[in-house]
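Step one of this worksheet: look at the structure below.
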C-alpha cells in the first residue's frame with residue numbers, strides 16, 4: 010500500500026508541475042534557511058559544553074555602580090584569589106590566572122622569536138583541576154609548583170620546537186621579553202572541541218613576581234581591579250550560586266576603600282556561568298578573532314527560519330486547498346471503491362512528504378551556496394562538515410516530519426470530506442470556509458513580508474545615518490599608525506614623526522594616544538570645588554600633542570591648547586564643562602580640577618565630538634599631553650593627514666611603511682584609516698542589515714510565488730467568465746482590474762496589519778541609540794507602495810495573458 014501511495018503521489022506531483030515547483034521552491038528556501046541557521050545556533054551553543062561538571066563552574070566578575078552609571082569588569086581584585094580559597098564556603102575548587110601580554114617569546118635554543126604571542130596566562134595548578142586536559146608529558150599536580158615553569162599545548166610546542174620529539178621538549182627553556190625564562194614542565198593536548206578558553210601557554214603564577222606587573226597580579230590591594238585578573242570557581246554539589254553570591258556581597262562590603270566612599274562608587278562581586286561566556290559582551294572573553302556571538306541575533310535568526318518555513322507551508326496549504334475541486338472526482342472514486350478518510354489523509358500526507366523530501370534535497374544545495382554567501386557573516390568554524398554530524402541529520406528528519414504534518418494535514422482533511430455522491434454528479438463547489446482560510450493565510454504571508462521590508466529600509470537608514478553623521482571631528486583622509494606598546498620611550502617615535510613630516514603627500518603629523526573615537530579610552534575621577542561643595546565627575550582622558558586638535562579639525566571654543574607636549578594642562582569638552590556646572594566656555598578657563606589628589610589647570614574648551622558609537626552619548630572628556638613621559642610615554646600612536654586623491658594613497662602608505670621599518674625593523678606595520686575604525690563600531694548593525702536583506706528577499710520571493718500560484722488557479726477557474734465579459738465588451742484593463750482587485754485587497758489588509766507591528770518593533774530597536782534617524786513616513790509609504798506594485802506586476806503576468814486571450818477559445822473550454 011505504501012508503494013501505491015508513493016506512486017500515486019508522484020503522478021499527482023508530475024501532473025501539476027507548476028504548483029509542485031512553487032511548493033518545492035518555497036519549502037526548499039525555508040528548509041535551507043533553517044539548516045544554515047541551525048548550523049549557526051548549534052555552533053555557538055556548543056562552546057565549552059564538554060567540561061566535567063560545567064554547570065558548577067562559574068567566573069567571578071565585578072560590577073561597579075557610579076554616579077555616572079554602571080560598569081562591568083570581567084576581572085577581580087588580586088586578593089580575591091586568596092579569599093576564594095580561605096573565606097568562601099561551598100567552593101570545591103578555585104583557580105586564579107592572569108592574562109599575560111608580552112612582546113616576544115623564543116625558545117632558548119632557537120633564533121626565531123615570536124612577536125606578540127597570544128593566549129598566555131600566569132596560573133596555578135588548580136586551573137587544571139577545574140578544566141581537564143589530556144596530559145602528554147608531566148603531571149598536573151607538579152607541573153606548576155615551582156617558579157619559572159611552563160606547560161605548553163601540543164600546537165604551541167610544534168611552533169616553538171618544530172621537528173623536536175615531545176619527550177625532548179620537556180626541560181627545554183623559553184625566554185619571555187628577553188628577561189624571564191621558564192622551563193617546560195608539562196605538555197597537554199589542545200582542546201579538540203569548541204571552547205573560549207583557548208590558552209596555549211600556562212606559566213606558574215609564582216613567576217609573576219619577576220615581572221613589572223607583580224603588584225598588579227599578586228598584590229593585596231582590594232581597590233585594584235584589572236580585567237586581566239581572572240578567577241574561576243567550582244561550587245560544591247551541596248551548595249548553590251545564591252549562597253556564594255551572598256558571601257561575595259559580604260566580601261564587597263568588608264573591603265570598601267576610601268576612594269569608593271569619596272567618589273560615591275559601589276562595587277559588587279558576582280558570578281557568571283560558564284555557558285554565558287561565549288555570548289558575553291559586557292565582561293569580556295578571550296577570543297580575539299573579531300567574531301562576537303550574540304544571543305539576540307541567534308534568537309532573531311531562529312524566528313526568521315520559522316517565518317520562512319511558515320511562509321512555505323502557507324503556499325502549500327493555499328495551493329492544495331485551491332485545487333480541491335480539480336481532485337474531487339478522484340476522491341469520489343476512491344471513497345466509492347472503499348477508501349476510508351484515514352487512508353485519504355495518509356495519501357495526501359504521502360504527497361506532502363514526497364514534495365518535502367524533494368525540497369530537502371534541493372535545500373542542501375541551497376545550504377552550500379548560502380554558507381558561501383554568508384561567509385563574512387559567520388564564524389570561521391561554521392563549515393560544511395557540520396552537516397555530516399548526527400544532530401544535523403536529526404534536524405533534517407524533524408523538519409521534514411513537522412513540515413509534512415503542518416502542510417499536508419489540513420489539505421488532506423479538507424479533501425477527504427468530499428461526499429462521493431455529490432462529487433460524481435459534478436456538484437462540487439468551493440467552500441466559503443476554505444476561501445476565508447486562504448485569504449487569512451495570504452494576508453499573513455504578506456504581513457510578514459511587509460514587516461521585513463519596512464525593517465530593512467529603516468535599519469539601512471539608521472546605518473547610513475551613523476556612518477555619515479558628523480562626529481564632531483574630521484576622519485576623512487586621516488590614518489593612525491600604532492607603534493610597539495612595549496617601547497616605553499618617546500625617542501624613536503619623535504624620530505619617526507620628523508621623518509613622516511618630510512613626505513610631501515602628508516599634510517600634517519601628530520603624536521598622541523588613540524584617535525578621538527576609539528574603543529580604548531582611559532578614565533579618571535575629577536573633583537571641582539565650588540561654594541564649599543565638591544562636584545565629582547568621571548572624565549575620559551585623551552592624550553595628544555599641540556597638533557592633535559588641528560589635525561582632526563576639532564574646534565577650540567575658548568582658551569588655548571597646552572603650551573607644550575609635556576606640561577600637565579587640560580582642554581575640556583563642552584559636556585565636561587556642563588557637568589561641572591558651567592554654561593559659558595570662558596568661565597571654566599583658568600579653573601582648577603583635582604585629579605589624582607593634584608590640582609590641574611583647565612586652559613581651554615573644545616567642541617563636543619562622539620568618542621564611540623552613536624549608541625552612546627558624548628561623555629565628559631579632557632585632552633592633555635604626554636604627562637608621564639619621564640616614566641612611560643602616552644604618545645604611542647602617530648596620526649597622519651594625507652593629501653591628494655585616494656588613488657595615490659597607496660604610494661604614500663608604502664613610503665610610511667619604509668620609514669617605519671627603518672625605525673622599528675622587527676615590528677609589524679599597522680596603519681588604520683580612522684573612518685575604517687569607526688565603521689567597526691557598527692559591525693553588529695551591519696550583520697543585522699545583512700540578515701534582514703536576505704530574510705526580506707526570501708520572504709517576498711516565497712509570498713510572490715504563492716500569490717502567482719493562486720492567480721494562475723483563479724484565472725484558470727474563471728476562464729469562461731473572462732470570455733463572456735470580453736464578448737459583452739469588457740476591455741483588457743477592466744478584466745485585469747477585476748482579476749487583480751480581490752488579491753490587491755489582501756495585500757492592502759496585510760500592509761495595515763504590518764504597519765503598527767513594524768513601527769513598534771523598530772521603535773524599540775532605536776531606543777538603544779543615543780543618536781538615531783527619524784522614523785520617516787516615507788519609509789512606511791515606500792515599503793507599502795513597493796509591495797503593492799510588485800503584487801500587481803506578479804498578478805498581471807497571468808491576468809493580462811488571460812484577458813487578451815481569444816474569447817471564443819475560452820468559451821470552447823467549457
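In the numbering used here, the protein residues as written are 10 to 823. Every residue, glycine too, gets a C-beta built ideally from N, C-alpha and C.
Pull up the distance between the alpha-carbon of residue 767 and that of residue 704, whole angstroms please.
-> Within the chain shown, numbered from 1, the residue matching residue 767 stands at position 758. Within the chain shown, numbered from 1, the residue matching residue 704 stands at position 695. Near 15 Å, if we compare the C-alpha coordinates of residue 704 and residue 767.
Helix, strand or coil: how does DSSP classify residue 155 here?
-> Taking the first residue of the chain shown as 1, we reach residue 155 at position 146. Residue 155 falls in the coil class under three-state DSSP.
Residue 705 (DSSP reduced to helix, strand or coil) | Numbered from its first residue, the chain shown carries residue 705 at position 696. Residue 705 falls in the helix class under three-state DSSP.
Can you grab the Cα-Cα spacing for the pair residue 560 / residue 473, in whole Å?
-> Taking the chain shown and counting its residues from 1, the one referred to as residue 560 is at position 551. Taking the chain shown and counting its residues from 1, the one referred to as residue 473 is at position 464. When rounded, the separation of the alpha-carbon atoms in residue 560 and residue 473 is 25 Å.
Rounded C-alpha distance that separates residue 192 from residue 182 = For the purposes of this step, residue 192 is identified with residue 183 of the chain shown, where counting begins at 1. For the purposes of this step, residue 182 is identified with residue 173 of the chain shown, where counting begins at 1. Approximately 4 Å between the Cα atoms of the pair.
Of the residues 216, 48, 636, 95, the one placed nearest residue 188, counting alpha carbons only | Position 179 of the chain shown, counted from the first residue, corresponds to residue 188. The candidate whose alpha carbon is nearest that of residue 188 is 216.
Chain-order list of residues whose beta-carbon lies under 8 Å from that of residue 642 (same chain, five-residue window excluded) = Counting from 1 along the chain shown, the entry for residue 642 is found at position 633. Excluding positions up to five away in sequence, the list reads 497, 498, 499, 502, 635.
Starting from residue 235, follow its DSSP beta bridges and name the residues at the other end.
-> Looking up residue 235 in the chain shown gives position 226. Partner(s): 85.
For the region 697-716 against the region 530-548, are there 3 or more C-beta pairs whose distance is under 8 Å?
-> no
Hey, residue 401 and residue 393 are a contact pair by Cβ (cut 8 Å); roughly how many whole angstroms apart?
-> Within the chain shown, residue 401 is the residue found at index 392, counting from 1. Within the chain shown, residue 393 is the residue found at index 384, counting from 1. Going by Cβ atoms, the distance from residue 401 to residue 393 rounds to 10 Å, so no, they are not a contact pair.
Ends of the alpha helix (DSSP H) at residue 685?
-> Numbered from 1 along the chain shown, position 676 holds the residue referred to as residue 685. Looking at the DSSP string, the run of the alpha helix (DSSP H) that includes residue 685 is 683-688.
Would you call residue 108 buried or exposed, if buried means 16 or more other Cβ atoms sit within 10 Å of its Cβ?
-> Taking the chain shown and counting its residues from 1, one reaches residue 108 at position 99. Its Cβ being crowded by 16 or more others within 10 Å, residue 108 is buried.
Rounded distance between the beta-carbons of residue 651 and residue 516, thought under 8 Å | On the chain shown, position 507 is the one that residue 516 refers to. On the chain shown, position 642 is the one that residue 651 refers to. Confirmed, about 7 Å.
May I have the straight-line CA-CA distance separating residue 177 from residue 229, to the nearest angstrom?
-> Here residue 177 corresponds to residue number 168 of the chain shown, with the count starting at 1. Here residue 229 corresponds to residue number 220 of the chain shown, with the count starting at 1. Their backbone Cα atoms lie some 39 Å apart in a straight line.
Can you tell me the Cβ-Cβ gap for residue 481 and residue 616, rounded? I've got them flagged as a contact below 8 Å.
-> Here residue 481 refers to the residue found at position 472 of the chain shown. Here residue 616 refers to the residue found at position 607 of the chain shown. Indeed they touch by this definition, with Cβ atoms about 6 Å apart.
Might you give, ordered along the chain, the residues of its own chain that have their beta carbon closer than 7 Å to the beta carbon of residue 569, omitting 5 neighbours on each side?
-> Locating residue 569 in the chain shown gives position 560, counting from the first residue. Cβ neighbours of residue 569 beyond the five flanking positions: 612, 613.
Alpha carbon of residue 798 to alpha carbon of residue 555, nearest angstrom | As a position in the chain shown, residue 798 is number 789, starting the count at 1. As a position in the chain shown, residue 555 is number 546, starting the count at 1. Each residue's alpha carbon lies about 59 Å from the other.
What residue range is occupied by the uninterrupted beta strand (DSSP E) comprising residue 210?
-> Numbered from 1 along the chain shown, position 201 holds the residue referred to as residue 210. Note, residue 210: beta strand (DSSP E), 210-213.
Going along the chain, which residues of its own chain have a beta-carbon closer than 8 Å to the beta-carbon of residue 795, five neighbours each way excluded?
-> As a first step, residue 795 must be located in the chain shown, where it is residue number 786. These residues qualify, in order along the chain: 462.
Kindly list the residues whose CB is nearer than 6 Å to the CB of residue 62, restricted to its own chain and excluding five residues on each side of it in sequence; keep chain order.
-> Against the chain shown, residue 62 aligns to sequence position 53. Taken in chain order, the list of residues that qualify is empty.
Taking just the CA atoms, how far does residue 775 sit from residue 439?
-> Working through the chain shown from its first residue, we reach residue 439 at position 430. Working through the chain shown from its first residue, we reach residue 775 at position 766. Any reading at residue 439 must be qualified, since the residue scores a pLDDT of 49, below 50, and its modelled position is unreliable; the value itself is stated next. Taking the straight line from one Cα to the other gives about 47 Å.
Limits of the beta strand (DSSP E) - the one that residue 601 falls within | As a first step, residue 601 is located in the chain shown; it is residue number 592 there, counting from the start. Run containing residue 601: 601-604, per the beta strand (DSSP E) assignment.
Return the chain-ordered list of same chain residues with a C-beta closer than 7 Å to the C-beta of residue 43, the five sequence neighbours on each side being excluded.
-> As a position in the chain shown, residue 43 is number 34, starting the count at 1. Answer for residue 43: 314, 318, 408, listed in chain order.
Answer yes if the region 236-244 comes into contact with the region 97-111, meaning at least three C-beta pairs across the two stretches below 8 Å, and no otherwise.
-> yes
Can you give me the Cβ contacts of residue 591 inside the same chain, cut-off strictly under 7 Å, excluding the 5 residues immediately before and after it?
-> The sequence position of residue 591 within the chain shown is 582, counting from 1. Only 597 meet the Cβ criterion.
Look at the alpha carbon of residue 518 and the alpha carbon of residue 490, and state the distance between them as a whole number of angstroms.
-> The count along the chain shown starts at 1 and reaches residue 518 at position 509. The count along the chain shown starts at 1 and reaches residue 490 at position 481. Between residue 518 and residue 490, the C-alpha separation is close to 11 Å.
Straight-line gap, residue 174 to residue 121 (C-alpha atoms, nearest Å) | The residue labelled residue 174 in the question sits at position 165 within the chain shown. The residue labelled residue 121 in the question sits at position 112 within the chain shown. Distance between the alpha carbons of residue 174 and residue 121 is about 18 Å.
Quick one: residues in its chain with C-beta nearer than 7 Å to the C-beta of residue 1, no 5 flanking neighbours on either side, listed in chain order?
-> A query on residue 1 cannot be resolved here, the shown segment of the chain reaching from 10 to 823 and no further.
Can you give the Cα-Cα distance for residue 505 and residue 146, rounded to whole angstroms?
-> Taking the first residue of the chain shown as position 1, residue 505 is located at position 496. Taking the first residue of the chain shown as position 1, residue 146 is located at position 137. Their backbone Cα atoms lie some 47 Å apart in a straight line.
Please report the Cβ distance between residue 357 and residue 413, rounded to the nearest whole angstrom; I am assuming they are in contact, meaning their Cβ atoms lie under 8 Å.
-> Here residue 357 refers to the residue found at position 348 of the chain shown. Here residue 413 refers to the residue found at position 404 of the chain shown. About 10 Å separates the beta carbon of residue 357 from that of residue 413, a gap too long to meet the 8 Å contact definition.
Cβ neighbour criterion (16 or more within 10 Å) applied to residue 576 | Taking the chain shown and counting its residues from 1, the one referred to as residue 576 is at position 567. Result: exposed.
Where residue 439 falls: helix, strand or coil (DSSP) = Here residue 439 is taken as the residue at index 430 of the chain shown, counted from 1. Residue placement at residue 439 is flagged as unreliable, the pLDDT there being 49, under the threshold of 50; a coordinate-derived value is accordingly withheld.
Every unbroken alpha helix (DSSP H) inside the region 31-115 [4 residues or more] = 89-95
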